[in-house]
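Q: Each residue of the sequence shown is one higher than the one before, starting from 13 at the first, in the working numbering.
Quick one: the structure is below, and I'll ask about it shortly.
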Amino acid sequence: MASKSADLAARREALVSRCADQRTQVAYDFAMLSSPQTLGLIPAYAARHKKMALIVAGIAAGLALAKPKWMVGSATAVVSAYKLAQKLLPVLRWKGFEVH
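Okay, structure coming up:
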């Protein structure tokens, strides 16, 4: 009987150390996945500051519901600026400007 309890204690110790190693590995993998190099700067910031990101999203949704005309105008302006930047940046790069 003593042999069986010693065997169980040894197996329990092995499992505890194995679980600790797995927890360490998962923590490292999660840190790598949520790093700015993997996600990009803005998604990594949002992942680390979830509460603030939800507050900003809620305020934006409230403004969209309260004043939709203003939001449509802003969205149109942003899309236009994005399209202009897509066309303009390659030209600037071709002229020798360095775009960061």
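Note that the Cβ used here is the ideal one computed from N, Cα and C, for glycine as well.
Measuring CB to CB, does alanine 4 end up less than 7 Å from methionine 83?
A: The chain is shown only over 13 to 112; residue 4 falls outside these bounds and no answer can be derived.
Q: Assuming threonine 50 contacts methionine 44 (C-beta within less than 8 Å), just tell me the rounded distance between them.
A: 6 Å
Q: CA-CA distance, proline 80 and alanine 58?
A: Taking the straight line from one Cα to the other gives about 25 Å.
Q: Using only the alpha-carbon positions, how far apart do glycine 52 and aspartate 33 sit?
A: 28 Å
Q: Assuming lysine 79 is part of the alpha helix (DSSP H), what are its boundary residues?
A: Counting along the chain, lysine 79 falls outside any alpha helix (DSSP H), and DSSP gives it neither H nor E.
Q: Taking Cβ to Cβ, would you say proline 48 is nearer than 7 Å to alanine 56?
A: yes
Q: Could you pull out every unbroken alpha helix (DSSP H) segment of at least 4 residues lying fully inside the region 23-71, listed in chain order?
A: 48-51, 53-60
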